[in-house]
Amino acid sequence: MHCQTGSWGSYVPTSTRSVGDPLERIERLASENAVVIFSISTCCMCHAIKRLFCGMGVNPTVYELDEDPRGKDMERALMRLLRSSSAVPVVFIGGKLVGAMDRVMASHINGTLVPLLKEAGALWL
Amino acid sequence: MANHRVGETGLSDSGPSNHHHHIPYAVLHGMNAPTSFIHQEGSAFDFGELEEAIVLQGVKIRNDEAKGPLFTTGRPAATLEMFPSWPIRFQQTPRGSSKSGGESTDSGSAVNTLSSKTENQLEPESPISKKASSSDHQAFDQKPLQHQQHLQQHQQQQQQRLEMASDTSRTGISQNQSAKPTQEKRRGSTSEKQLDAKTLRRLAQNREAARKSRLRKKAYVQQLETSRIKLTQLEQDLQRARSQGVFLGGCSATVGNISSGAAIFDMEYSRWLEDDQRHMSELRTGLHAHLSDSDLRVIVEGYISHYDEIFRLKGVAAKTDVFHLITGMWTTQAERCFLWMGGFRPSELIKMLISQLDPLTEQQVMGIYSLQHSSQQAEEALTQGLEQLQQSLIDTVAGGPGIDAMQQMAVALGKLANLEGFVRQADNLRQQTLHQLPRILTVRQAARCFLVIGEYYGRLRALSSLWASRPRESLMSDDHSCQTTTDLHMVQPSQNHFSNF
Chain D
1 MHCQTGSWGS YVPTSTRSVG DPLERIERLA SENAVVIFSI STCCMCHAIK RLFCGMGVNP
61 TVYELDEDPR GKDMERALMR LLRSSSAVPV VFIGGKLVGA MDRVMASHIN GTLVPLLKEA
121 GALWL
Chain H
1 MANHRVGETG LSDSGPSNHH HHIPYAVLHG MNAPTSFIHQ EGSAFDFGEL EEAIVLQGVK
61 IRNDEAKGPL FTTGRPAATL EMFPSWPIRF QQTPRGSSKS GGESTDSGSA VNTLSSKTEN
121 QLEPESPISK KASSSDHQAF DQKPLQHQQH LQQHQQQQQQ RLEMASDTSR TGISQNQSAK
181 PTQEKRRGST SEKQLDAKTL RRLAQNREAA RKSRLRKKAY VQQLETSRIK LTQLEQDLQR
241 ARSQGVFLGG CSATVGNISS GAAIFDMEYS RWLEDDQRHM SELRTGLHAH LSDSDLRVIV
301 EGYISHYDEI FRLKGVAAKT DVFHLITGMW TTQAERCFLW MGGFRPSELI KMLISQLDPL
361 TEQQVMGIYS LQHSSQQAEE ALTQGLEQLQ QSLIDTVAGG PGIDAMQQMA VALGKLANLE
421 GFVRQADNLR QQTLHQLPRI LTVRQAARCF LVIGEYYGRL RALSSLWASR PRESLMSDDH
481 SCQTTTDLHM VQPSQNHFSN F
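Here the protein sequences line up with chains D and H, keeping their order. Counting from 1, position 97 in the first sequence corresponds to residue 97 in the UniProt record's numbering; the numbering is continuous, with no gaps. Counting from 1, position 359 in the second sequence corresponds to residue 359 in the UniProt record's numbering; the numbering is continuous, with no gaps.
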């Protein structure tokens with residue numbers, strides 16, 4: 001499967017609701033697809049994580065927070081969720097939070113990532 | 001001869017404390033021989049023999065004089081025994097003092113005078129000078145020399161010694177009463193023969209002990225010397241390696257201009273390398289000793305923690321000086337050649353290991369290959385991410401028309417800050433890979449595996465050292481013969497780099 005380096009295919013337009021808990025929104029968006037990545041278009045680490053999934057044959061759903069009107073709120077919510085100074089990249093698989101780059105890589109190395117992807121239906125082998 | 005004073009403590013239990021600041025090596029190791037102090041400088045004059053002379057002399061004197069009561073006074077005996085190396089001189093002194101004291105038979109006072117005098121003495125000459133301080137000892141100045149000569153002859157035969165001792169003692173014998181307790185060796189036995197045997201045995205033991213302590217000291221000094229040489233060699237290697245790095249790389253960190261964060265890390269890293277050696281020998285001995293799995297597991301986990309430590313240190317260093325890590329200035333040249341994102345490339349390490357590991361089960365083979373595959377994917381992802389960062393940075397630094405210079409720099413700085421993240425993730429990948437290995441392998445396999453890893457990097461470091469010390473280095477030294485040889489001559493490597501071979 002050819003991975004695009006430009007805008008990612010599954011950019012979902014945001015709903016017109018102006019009021020709403022950012023975290024709720026995050027969780028809702030995360031549950032809508034097998035693999036969901038929250039990213040910032042200029043972030044190089046986000047680029048790396050996208051490349052990782054792409055290299056595995058997974059087609060993730062990516063939300064660029066800098067291109068979303070409520071992105072800032074969501075960023076802050078993610079920072080609180082991860083208890084980290086950087087909100088992105090963050091990965092959800094099967095609606096469940098996996099974590100940032102270090103957690104994703106660790107789970108790939110220890111062999112738990114692929115079964116998780118298969119379970120979520122993101123990988124077929 | 002200046003060590004005579006130290007011999008004071010040898011024979012008695014009540015040694016004065018003033019000798020402690022002069023503690024020779026032997027004392028620290030519990031040597032209980034007066035001769036050990038005396039022999040410290042390897043003096044040709046054998047004081048062991050001398051001591052025998054005194055003892056025998058005293059025995060003779062005592063038995064001749066048959067002054068029983070003096071036996072029981074412990075103090076006089078102890079005091080006089082402190083100076084076995086100045087037998088004749090001290091016999092003069094007590095005679096002198098007792099003479100000045102009106103030939104008192106009170107050995108205690110005479111001896112006390114003696115002890116007080118001798119406790120202050122540091123030089124063999126001082127007894128004489130002390131004597132001079134008391135009344136009319138000029139006459140006795142002759143005696144020490146005479147006795148000295150006699151004493152030197154004593155070394156030849158024990159019998160002669162006995163005779164001459166008795167002779168010399170008899171010349172001044174009327175005043176020499178405190179000499180009797182000298183020879184009281186705090187032994188209760190009455191027969192002269194028994195005393196001799198015990199004394200002789202003890203003296204022989206002392207001599208032996210003294211000899212052993214001499215040898216020990218020699219070995220210790222030699223050890224220190226070789227360590228010193230090793231240290232200077234290491235420092236030279238380090239300097240050479242650094243200057244090589246500067247010459248070849250033209251990196252930001254020049255010799256003497258290294259950032260403090262980098263310097264601190266380098267120091268910690270060299271300490272870590274020493275620890276690495278220790279862990280490796282632990283692994284080696286653990287494997288050879290066929291330890292139980294649980295014991296071996298402890299060692300293996302210890303080695304993993306050891307690696308966790310260096311990753312932690314690198315994390316700290318990445319905050320202060322990421323360039324130092326990412327350019328590999330903390331490693332040796334050969335390692336730098338294979339550097340990936342500030343360290344080793346995990347998939348390359350796995351590839352190297354596959355050929356070295358024991359026969360693996362099918363499941364283990366799958367596990368290892370799967371590990372190699374996933375680390376390759378992760379490496380690729382990080383590499384692409386870093387490439388994007390580099391491209392972005394190029395764009396920023398290149399700038400464009402109408403770009404504010406200050407802002408341009410600020411943006412560039414912001415982008416540079418992301419480097420730390422990549423080095424951190426790369427280290428994370430390395431750490432996870434090492435942690436995964438013992439999950440796939442058995443304990444023994446894991447131990448062997450880590451040993452292979454440690455030895456591999458040890459050889460890489462040795463290779464760097466060899467490379468640095470080949471003749472080409474004339475470019476860096478004052479030697480003007482510019483050799484452009486590409487042959488790798490077998491130059492003398494520094495000792496430690498070959499410790500892994």
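Note that the Cβ used here is the ideal one computed from N, Cα and C, for glycine as well. Here the structure is a predicted model, which means the values were calculated and not measured.
Not a single C-beta of chain H is nearer than 9 Å to the C-beta of D:Met74. Between H:Gln384 and D:Met105, the CB-CB gap reaches or exceeds 9 Å. By a beta-carbon distance limit of 8 Å, H:Leu429 contacts H:Ser375. Their separation comes to about 7 Å. Residue environment for H:Leu224: exposed (fewer than 16 other C-beta atoms within 10 angstroms of its C-beta). DSSP lists D:Val36 as the beta-bridge partner residues of D:Thr61. In the three-state reduction of the DSSP assignment, H:Val316 falls in the helix class.
Taking the CA atoms as reference points, H:Asp404 sits about 29 Å from H:His324.
Taking a Cβ-Cβ threshold of 9 Å, the residues of chain H close to D:Gly111 are Gly367, Ser370, Leu371, Ser374, Gln436, Arg439, in chain order. Annotation for D:Val90: the continuous beta strand (DSSP E) segment containing it runs 90-93.
The beta carbon of D:Ile26 is closer than 8 Å to those of Phe38, Met74, Ala77, Leu78, Leu81 in its chain, skipping five residues each way along the sequence. Residue contact with chain H for D:Met101: present (Cβ-Cβ distance below 9 Å to some residue of chain H). Judged by beta-carbon spacing, H:Gly328 lies within the 9 Å limit of H:Leu339, meaning their Cβ atoms are closer than that value. Closest in alpha carbon position to H:Glu455, among H:Met280, H:Arg240, H:Ala209, is H:Met280.
Within the model, the alpha-carbon separation for D:Pro89 versus D:Leu65 is close to 10 Å.
Against chain H, a Cβ distance below 7 Å from D:Met105 picks out Ala378, Gln425, Asn428, Leu429, Gln432. With a threshold of 9 Å between beta carbons, H:Gln384 makes contact with chain D. Nearest neighbour of H:Met409 by Cα position, chosen from H:Arg211, H:Arg216, H:Ile394, turns out to be H:Ile394. In the displayed model, H:Gly342 falls within coil according to three-state DSSP, outside both helix and strand. Near chain D, meaning a CB-to-CB distance below 7 Å, no residue of the region 314-348 of chain H qualifies. Taking C-beta atoms under 8 Å as the contact rule, H:Ile453 and H:Gln364 fail to qualify, at a distance of about 17 Å.
When secondary structure is reduced to three states using DSSP, H:Leu437 falls in the helix class. Approximately 10 Å separates the beta-carbon atoms of H:Thr331 and H:Ala241; this is outside 8 Å, ruling out the contact.
Nearest C-alpha to H:Val316 among H:Ser464, H:Ala262, H:Ile368: H:Ala262. When Cβ-Cβ separations below 9 Å define contact, D:Ala77 makes no contact with chain H. Not a single CB atom of chain H sits nearer than 9 Å to the CB of D:Arg83. In the DSSP annotation of this structure, the continuous segment of the beta strand (DSSP E) that includes D:Leu97 starts and ends at 96-99.
Secondary structure within the region 370-431 of chain H: the alpha helix (DSSP H) runs of 4 or more consecutive residues, fully enclosed, are 405-416 (chain order). Spanning the alpha carbons of H:Thr199 and H:Ile229 requires a straight line of approximately 45 Å. Of all residues in the region 113-124 of chain D, none comes within less than 7 Å of chain H when Cβ atoms are compared.
Within chain H, the residues placing a beta-carbon under 7 Å from that of D:Leu52 are Gln377, Ala378, Ala381, ordered along the chain. Taking all protein chains shown into account, H:Met341 has 16 or more neighbouring C-beta atoms within 10 Å of its C-beta and is therefore buried. Shown here, H:Met267 sits in a helix according to DSSP, grouped into three states. Linking H:Leu460 to H:Tyr303 through their CA atoms gives a straight-line distance of about 19 Å. In the three-state reduction of the DSSP assignment, D:Asn110 falls in the coil class.
At a cut-off of 9 Å between beta carbons, D:Thr61 makes no contact with chain H.
Sequence-distant partners of H:Gly286 (beyond 5 residues in either direction) whose C-beta falls short of 8 Å from its own C-beta, in its chain, are Asp295, Leu296, Ile299, Ala447.
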